[in-house]
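Trainee: Taken in order, these protein sequences are the chains called A and B. According to the numbering used here, the first sequence holds residues 55 to 631 in order. According to the numbering used here, the second sequence holds residues 9 to 848 in order.
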Amino acid sequence: MKNIILTCMLFAGSMLVADEVLWQDNFAKDGSLQDNGFKIIVNNPKDSFTVKNKEVVFHCSNKPYRGLTFQKKVQLVPQSEFYFEAKIAAAGTNGFDHSSLKIELGNMLLTFRKNKLWIHRPSKNDWIQPGKIKYNVWQKYKIRFDAANRTAEYYIDDMNIPVFVDEKSEFDPSKGDMLRLGNYGLSSGTVICALRNLKYTKFEQKVNKDNILFEEKFAVDGTPEANGFKTVVNNPKDVFSVSGGVLKMVCNNKPYRGTTIQKRVPLPAQCEIIFDANLYMEDSSGQYNNASLKIEFGNFLMAFRNGQWWNHKPSENKWLVPAKIKNNTWYTFKVRLDSTAKRAEFFVNDMTTPVFIDEKCEYDPKAKFTLMIGNYGLARGTVVNAVRNFRVMKITQNNKAQKKNDLNGTMLFAGMDVSKYPLEKYAAKFGKGQISKFNFETPAVNLSNSTNKYEISPVPPYRPASLPQCIIMADIPLDAIPAYAQKQMLEAINNGACLLIFNGLFTLNKGNFHKTEFEKILPVTVDDPWKNPVAGKDVKTSYINNTLALAMKNAGKGKVIVIMTPEGGRELLEKGI
Amino acid sequence: MNKTSLLALSLLFPVLLSAVTLTENAGNFTVSNDNYEVTCGKSTGFAVKINKVGKTAVPSALAAPEFNIDNDLEKYDGRYNPSPASTANFRTKAVCKVLKNTPSEIQLEVSYNFYGGKVTEIITFDNSCAVNYTVKAANNVRLFSHNFQVGMVPGDKKGIFLPDMKRVQGLWQSHGTAMEGAGWRAAWYGKKKTGIGIAVPEHKDLRGIEYSMQGGIKDGWGTSRAKLTAVYGSLQKYGKTGEHSFNYTLLIGNNAKKIQETAEKIVGKAPENEIFSYTLKKLAVRPGEGNFIVTEIRNNSNTKADLTLKSTVSYGLDSEKSLGDFKISLAPNAFKTFEIPVKFPADLKKGAAVRSNLVDSDGKIIASAVDFCTVTDRTIRDTGFGIVNAAQAYQEGSEFAWSRNFKSKYVGNFEYYCWMPSTIFGLAPEEDSWLPHTEAHYNTPITKKFVKALNKEAKAQGVGVYSMVTGLWNYQKGIQHPAWLQYAKSGQPLVYNGRMRPNGARRATLKANMFYPDRAAQWGNEMADSIDMFGWAGCRWDWNFLPNVMSDPLYMGEFVDDWYDHKGIPQSKLFPDPDKTGVECLQAWRAAVAKRHPDFVYGTNYGSAEEEWKKTPGYHKESATNSMVLFEDMLGYSAKKFSTFEKWGSELRKRCDLVRRYGASPVVGAMRGLNPGSISYDLAQYTSASAGVKWMIYYTVDLLDGEAERNRFFLRFAEYYYNPEFLQGKADNIKLENPAKVLWKTFIRERKTANGREIIMPLVNQPDKDDFICQHHPQMSSRKNLTFSVKPRKGEKIDSVWLMTPQSPEKAVKLHVKNGNFIVPELKNAAMILVRLKGN
């Protein structure tokens with residue numbers, strides 16, 4: 055599950071906030087749903103609904119696949135948040151199996167059964183289960199839709215941390231404008247559900263205009279020239295047009311030297327480039343080969359080709375691949391450039407957590423002075439790419455980390471074979487709040503080298519909202535973690551965080567800790583890769599069967615615990631150590 | 009919805025009820041008559057979707073032309089030929105026009121562009137069960153096919169359309185079985201009442217009709233789907249320009265008799281009595297074992313048929329003997345399948361052709377059929393080699409079909425690649441189901457039951473299955489045996505190349521330290537356990553026991569940096585004589601297997617270039633001894649040094665000679681760079697066989713390519729193509745008097761015989777222009793009247809000269825020799841010449 059901090063999506067002076075309630079229903083009138091503006095559309099004489107004390111109570115009889123259903127027209131928008139409170143199976147849970155309350159919001163169908171929230175996927179006619187629910191308890195639910203990016207975040211009770219992020223959400227306001235409430239499914243008896251406090255809110259992107267250095271909204275329908283661009287035609291077959299704020303680029307085959315549009319833009323040493331792009335929103339080539347969209351910002355060249363976002367390294371004439379993307383999907387891309395620090399951070403949709411950080415970025419604002427958008431690469435036929443909402447923003451103080459002593463959450467670095475380790479239990483014991491998980495992966499290596507190559511995915515944020523309260527490294531070599539993140543970890547420990555290291559085949563003595571700052575704070579020795587770690591002096595230790603099981607040492611305001619047991623500390627938990 | 013007035017008229021005048029009607033909807037047209045109801049898209053992609061057959065609603069029924077576009081390089085530029093591109097009409101934008109709309113005929117014209125060119129389809133509907141297609145396509149078409157498929161009838165568990173009324177075991181994205189040439193085939197639902205079919209008349213490019221059941225391998229396996237495909241190709245042999253035109257008919261209806269009558273109007277009636285299918289049960293039999301002719305004989309007449317099946321076997325060069333007569337009596341309109349045992353002559357060795365003539369009561373031959381097999385104690389030497397991987401081959405119920413498809417291409421051995429959970433301590437898995445070891449990301453569950461049945465079904469068809477073996481630990485099993493791992497200097501276990509993710513997408517990853525004879529023997533024992541469990545015929549290694557070189561055979565000539573054992577001792581200290589270590593370990597492994605399974609074939613994959621032999625001569629020799637050797641690195645025919653058929657063929661021949669000395673049967677991989685159906689693909693395979701090296705075929709090659717034609721020829725004359733007894737030889741005393749663009753010197757070899765020697769001279773025709781492998785070639789000219797002269801050595805004289813060609817694969821033809829000269833009348837693609845010399 056993707057970790058997204060939703061309450062405060064900050065980026066370079068722009069902010070997504072819930073700001074306009076489009077409609078809500080508090081079921082103010084006691085009586086029926088009709089009294090509250092709903093129309094009955096499916097009748098089932100065995101079912102009954104009543105509204106009392108601002109709650110609607112559904113009596114759902116057996117076999118109600120076509121149960122009593124009411125609807126009313128509502129306004130639905132792509133970026134929105136739907137909130138409600140529900141009590142499922144308030145009575146009649148004995149034998150309850152498939153019966154449920156249903157809520158339909160446009161083309162989204164929600165049901166509640168088998169202790170789970172169920173969401174229907176219309177295209178595949180299947181269901182996903184975002185989270186567990188409880189019976190006979192009022193629970194809060196929130197769904198945050200972003201139809202443009204096909205995401206939906208599901209919240210149950212905790213309105214800050216989603217229980218599930220659906221990255222294939224099919225919510226589409228153009229495919230329905232009805233709110234339907236009713237019974238659905240099948241039960242062996244009668245069940246009772248209740249619903250209250252429906253609220254539907256629209257989001258809009260607020261941008262601090264002071265921070266905008268350049269903005270291209272493609273406001274004039276027609277040609278790029280009408281929007282102030284100069285067109286350099288290298289391929290007469292390419293046709294660029296602007297409509298409804300979208301630049302569409304028809305890209306024909308063999309456009310290695312395809313047509314581009316150009317504009318002078320400010321190129322500061324530190325800035326963020328933000329834009330939406332849709333690759334292959336039309337594709338008549340049948341089988342695409344290497345066609346691409348290019349966006350060149352000064353000497354910073356990005357190419358978007360079949361399923362990948364590429365960034366060119368001029369000195370090596372090589373390409374980085376910061377992210378994988380899907381064809382025919384709108385994404386918001388952001389690159390945070392810092393030519394002084396030689397750093398580029400790449401973001402896709404989630405504007406807080408980078409998907410990739412290049413610490414040897416070659417962006418040079420003095421190299422070129424032009425923004426270029428165009429065709430690049432090779433296609434067998436014709437593809438259409440699109441760009442909208444291009445902005446260059448100042449980097450502001452908003453992005454800096456919060457107070458260093460404000461510790462929150464757990465960073466969990468999970469090694470290759472730690473699925474049986476009780477890591478969540480340790481995280482709950484030593485850290486409060488959200489767990490951010492980073493996985494150990496091995497990319498391809500040169501076969502003749504007797505060395506390993508590894509990395510963690512995703513990469514930790516360069517500027518986290520807060521430092522972690524708990525850090526877990528479960529069979530992770532230290533050098534898998536980027537240097538900036540190591541620095542953050544040391545800071546966190548110094549300020550009171552707990553570092554837990556679980557032994558394995560890739561860590562401690564074998565984990566390249568020797569001669570690092572971390573070695574100084576470890577409670578065990580790590581100087582010989584061919585020996586087992588030994589507890590240092592003045593450290594707390596626990597032994598199982600005369601074998602070192604745990605070693606602990608204070609470090610700054612925090613502490614470092616090394617767990618040596620073969621089952622990742624399970625034995626220690628069982629023994630209450 | 010905008011309906012035509014025709015429907016209203018037909019309601020007023022019942023006599024017109026049987027007319028064909030057209031209804032125009034917002035996005036499509038609906039055409040219906042008594043036999044069917046179909047819809048055709050108007051603009052956004054076009055295909056005929058069948059809604060109803062008769063009155064039966066059918067799901068997922070689609071008829072769609074599909075084009076395969078030739079992307080072969082116009083001129084060699086150092087790359088492999090790019091893969092062909094495929095496009096179906098329903099994926100593209102089309103313009104559909106109504107050309108004709110009368111009660112008796114409706115005609116639609118559909119036109120669209122795709123990157124191969126412009127296409128026009130004329131689709132004609134009338135009140136019969138026939139839907140006629142005329143398709144015209146512009147240049148660059150490599151393959152044209154028309155897919156016609158239908159899903160299960162909903163609500164009817166047995167509502168499956170059966171191709172030719174049989175459950176045809178198909179394989180995902182591959183054909184089940186096929187009929188060659190013009191004809192018709194239908195898939196039937198229920199008691200032959202409802203059918204969809206395709207009738208294809210003669211056409212110069214027609215290959216035939218493939219018919220299969222996709223996903224319908226057995227009841228309960230997902231959506232059953234019958235598929236019929238008319239296949240035309242390989243069109244690129246005729247060049248990349250010019251218009252292609254195809255004409256064929258879809259058959260849709262609920263009256264079997266009408267469908268048959270309509271089809272017969274198009275392709276002619278079936279003969280009164282026919283051999284409908286014909287095959288030998290086993291591809292390879294052991295000496296003295298005998299075989300079975302399995303044949304379906306059909307009596308299509310209304311009278312009883314008394315027939316005789318007279319069978320003969322051809323073997324050696326031109327020996328022929330009778331296999332006896334088999335009496336058949338069939339009631340009117342009866343179809344019957346017979347399994348007829350045949351006993352081969354005692355002197356029959358290796359390739360044989362069994363021909364049966366169906367003879368009527370007057371002694372007249374009314375039909376004839378032929379199939380090929382081999383009588384051998386070493387299938388790996390005398391038949392071809394293929395490969396399938398665990399991403400495709402895993403569905404229970406499909407086991408038979410894998411070996412059937414290889415057998416139908418005359419390939420008697422195939423490797424089952426990456427099937428095991430771990431290649432060390434995973435060859436005889438305890439669990440009943442697992443995710444396979446993988447160098448790719450195969451998330452296909454393999455069951456023990458499947459692997460057992462795969463072997464059993466293959467054996468029953470005279471085909472051997474080879475297990476892949478490689479030195480990679482499954483991650484879980486590896487970390488349970490830390491002393492058997494290789495380590496980096498950092499003390500970490502070494503992880504093989506490739507992306508490994510924690511979700512288990514890549515499982516076999518840890519490098520093994522198996523360079524001790526006792527460990528190797530334990531591993532060999534595990535292989536023997538695996539043979540007990542599954543019945544493998546052999547294995548194909550993708551690893552080696554040399555501790556100091558790259559474990560990937562593609563890079564075996566390259567040394568690795570020091571790695572360490574679990575105590576931190578570098579391999580250079582542990583194994584100061586790597587070649588000796590390799591030999592001892594390989595011998596230990598092979599001995600452990602051979603002790604329990606002496607016939608098991610050890611196969612391997614290594615770079616066999618001379619310079620590599622010099623580095624580790626002992627290991628190369630041990631690996632080659634009575635084994636199968638894959639020259640994977642010889643796939644590099646895009647490289648300049650192997651870029652032409654001659655350069656590549658010469659190197660193959662050289663390498664083959666190196667391993668043949670030790671009894672090895674070499675194979676060259678087929679996984680990349682050339683496209684089935686192309687001239688390059690055809691000639692590359694003739695080149696490799698002429699060099700004595702088998703071409704490892706990939707299972708997907710089907711009707712498009714002449715795989716079966718080539719392999720039955722090599723199987724029949726394996727004595728000359730694949731016999732390790734033929735080694736060195738030169739063209740010193742042989743001349744081609746009228747030089748032509750033909751490879752003939754490159755592959756000359758000889759062997760000693762009791763009273764002299766035999767020279768083989770494989771011939772491979774060459775493209776008219778250029779001779780690069782990775783390049784588009786149109787069909788080359790036949791070479792006529794090639795005149796060779798042979799000057800025997802002192803004391804020798806020519807006994808006889810024989811010509812073997814793929815076009816006449818049953819027997820060799822004896823050539824007339826005069827003054828040491830003989831003439832090959834015509835060389836189409838390849839041939840084998842045998843010169844027998846007496847004396848000395």
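Cβ atoms here follow ideal geometry from the backbone N, Cα and C, with glycine treated the same way. Computed from a predicted structure; not experimentally measured.
1. Going along the chain, which residues of the stretch 204-235 of chain A sit with their C-beta nearer than 9 Å to a C-beta in chain B?
2. Expressed to the nearest angstrom, what Euclidean distance is found between the alpha-carbon atoms of His366 of chain A and Phe351 of chain A?
3. Just the Cα atoms here: how many angstroms apart are Thr270 of chain B and Ala71 of chain B?
4. From the beta carbon of Pro531 of chain A, is the nearest beta carbon of chain B less than 8 Å away?
5. Between the alpha carbons of Phe796 of chain B and Asn634 of chain B, how many angstroms are there, rounded?
6. Sort A:Asn439, A:Asp200, A:Ile315, A:Glu158 by Cα distance to Cys305 of chain A and report the nearest one.
7. Taking 8 Å as the threshold (beta carbon to beta carbon), is Gly228 of chain B in contact with chain A?
8. Can you find a C-beta in chain B that's less than 8 Å from the C-beta of Asn503 of chain A?
9. Within 10 angstroms of its Cβ, does Asn741 of chain B collect 16 or more other Cβ (buried), or is it exposed?
10. Is Glu210 of chain B helix, strand or coil when you go by DSSP?
11. For the alpha helix (DSSP H) containing Asn719 of chain B, name the first residue and the last one.
12. Taking its Cβ as the centre, do 16 or more other Cβ atoms sit within 10 Å of Val619 of chain B, making it buried, or is it exposed?
13. Please report how far the alpha carbon of Ala528 of chain B lies from the alpha carbon of Leu576 of chain A, in whole angstroms.
14. So which residues on chain A does Val503 of chain B lean against when the C-beta distance must stay under 7 Å?
15. Which same chain residues, not among the five before or five after Lys846 of chain B, have their C-beta less than 7 Å away from its C-beta?
16. Give me the Cα-Cα distance between Asp220 of chain A and Arg517 of chain A, rounded to the nearest whole angstrom.
17. Just reading off the alpha helix (DSSP H) that Tyr538 of chain A is part of, what are its end residues?
18. Check the Cβ-Cβ distances between Phe560 of chain A and every residue of chain B, and say whether any is below 8 Å.
19. Suppose contacts are defined by Cβ-Cβ distances below 8 Å. Is Glu210 of chain B in contact with Ala194 of chain B by that definition?
20. Using the beta-carbon of each residue, which ones in chain B are nearer than 8 Å to Asn566 of chain A?
21. Specify, as a first and last residue, the run of the beta strand (DSSP E) that Val852 of chain B falls within.
22. At 3 residues or longer, what runs of the beta strand (DSSP E) sit wholly inside the stretch 24-71 of chain B?
23. Please report the distance separating the alpha-carbon of Asn463 of chain B from that of Ala436 of chain B.
24. Near Leu553 of chain A, what residues of its chain come up, given a Cβ to Cβ distance below 6 Å and the 5 sequence neighbours on each side ignored?
25. Which of helix, strand or coil does DSSP assign to Thr4 of chain B?
26. Tell me the rounded alpha-carbon separation between Phe150 of chain A and His174 of chain A.
27. I need the straight-line Cα distance from Ile388 of chain B to Arg363 of chain B, nearest angstrom please.
28. Quick one: does Gln787 of chain B have its CB under 8 Å from some CB of chain A?
29. Let me confirm a value: Ala273 of chain A is counted as buried when at least 16 other C-beta atoms fall within 10 Å, else exposed. Which label applies?
30. Give me the residue from A:Thr595, A:Pro620, A:Ala589 with the minimum Cα distance to Asn557 of chain A.
31. Whole angstroms are fine: how far does the CA of Ser696 of chain B sit from the CA of Arg680 of chain B?
32. Taking Ile831 of chain B and Leu794 of chain B to be in contact with their CB atoms under 8 Å, please state how far apart those CB atoms are, rounded to whole angstroms.
33. Quick check on Asp573 of chain B: buried or exposed, where buried means 16 or more other Cβ atoms within 10 Å of its Cβ?
34. Can you list, in chain order, the residues of its chain whose CB lies under 8 Å from that of Tyr120 of chain B, leaving out five sequence neighbours each side?
35. Rounded to a whole number of angstroms, what is the C-alpha to C-alpha distance between Asp264 of chain A and Leu333 of chain A?
36. Determine the burial state of Pro320 of chain A: buried for a count of at least 16 other Cβ atoms within 10 Å of its Cβ, exposed for fewer.
Mentor: Result, derived from the coordinates:
1. Cβ contacts with chain B come from no residue of the stretch 204-235 of chain A.
2. Approximately 11 Å, taken between the alpha carbons.
3. Distance between the alpha carbons of Thr270 of chain B and Ala71 of chain B is about 18 Å.
4. Proximity of Pro531 of chain A to chain B, defined by a Cβ-Cβ separation below 8 Å, is satisfied.
5. Their backbone Cα atoms lie some 35 Å apart in a straight line.
6. Of the residues A:Asn439, A:Asp200, A:Ile315, A:Glu158, the one whose Cα lies closest to the Cα of Cys305 of chain A is A:Asn439.
7. With a pLDDT of 41 at Gly228 of chain B, under the threshold of 50, the predicted position of this residue should be treated as unreliable, and no value is reported.
8. Yes, Asn503 of chain A counts as interfacial toward chain B.
9. Its Cβ having fewer than 16 others within 10 Å, Asn741 of chain B is exposed.
10. Note: Glu210 of chain B maps to coil in three-state DSSP.
11. Note, Asn719 of chain B: alpha helix (DSSP H), 715-724.
12. Looking at the sequence itself, residue 619 of chain B is Glu, so the reference to Val does not match. Exposed, because fewer than 16 other Cβ atoms sit within 10 Å of the Cβ of Glu619 of chain B.
13. The alpha-carbon separation between Ala528 of chain B and Leu576 of chain A amounts to approximately 41 Å.
14. Neighbours of Val503 of chain B on chain A, chain order: Thr496, Asn506.
15. Once the five neighbours on either side are set aside, the close Cβ partners of Lys846 of chain B are Asn763, Gly764, Glu804, Lys805, Asp807.
16. One alpha carbon belongs to Asp220 of chain A, the other to Arg517 of chain A, and they sit about 25 Å apart.
17. Per DSSP, Tyr538 of chain A belongs to the alpha helix (DSSP H) from 537-548.
18. Interface residue, yes.
19. Taking C-beta atoms as the reference points, Glu210 of chain B and Ala194 of chain B fail to come closer than 8 Å.
20. Those are Ser498, listed as they occur along chain B.
21. Examination of residue 852 of chain B is not possible in this model, given that chain B is present from 9 through 848 alone.
22. Listed in chain order, the beta strand (DSSP E) elements of length 3 or more contained wholly in the stretch 24-71 of chain B are 29-32, 36-40, 44-49, 56-61.
23. Linking Asn463 of chain B to Ala436 of chain B through their CA atoms gives a straight-line distance of about 14 Å.
24. The residues are Ile525, Ile547, Val614.
25. Given that chain B is displayed from residue 9 to residue 848, the structure contains no residue 4 of chain B and the question cannot be resolved.
26. For Phe150 of chain A, the pLDDT reaches just 47, beneath the cut-off of 50, and the residue's location in the model is therefore unreliable, although a value from the coordinates is still provided. Rounded to whole angstroms, Phe150 of chain A to His174 of chain A spans 20 Å at the Cα level.
27. C-alpha of Ile388 of chain B to C-alpha of Arg363 of chain B: approximately 25 Å in a straight line.
28. No, because no Cβ of chain A sits closer than 8 Å to the Cβ of Gln787 of chain B.
29. Looking at its Cβ environment, which holds fewer than 16 other Cβ atoms inside 10 Å, Ala273 of chain A is exposed.
30. Closest by C-alpha distance to Asn557 of chain A, out of A:Thr595, A:Pro620, A:Ala589, is A:Pro620.
31. Rounded to whole angstroms, Arg680 of chain B to Ser696 of chain B spans 15 Å at the Cα level.
32. Indeed they touch by this definition, with Cβ atoms about 7 Å apart.
33. Buried: at least 16 other Cβ atoms inside 10 Å.
34. Take Tyr120 of chain B, set aside five residues on each side of it, and the residues of its chain with a beta-carbon closer than 8 Å to its own are Phe54, Asn97, Thr100, Lys101, Ala102, Val103, Lys126, Val127, in chain order.
35. About 31 Å.
36. Exposed, because fewer than 16 other Cβ atoms sit within 10 Å of the Cβ of Pro320 of chain A.
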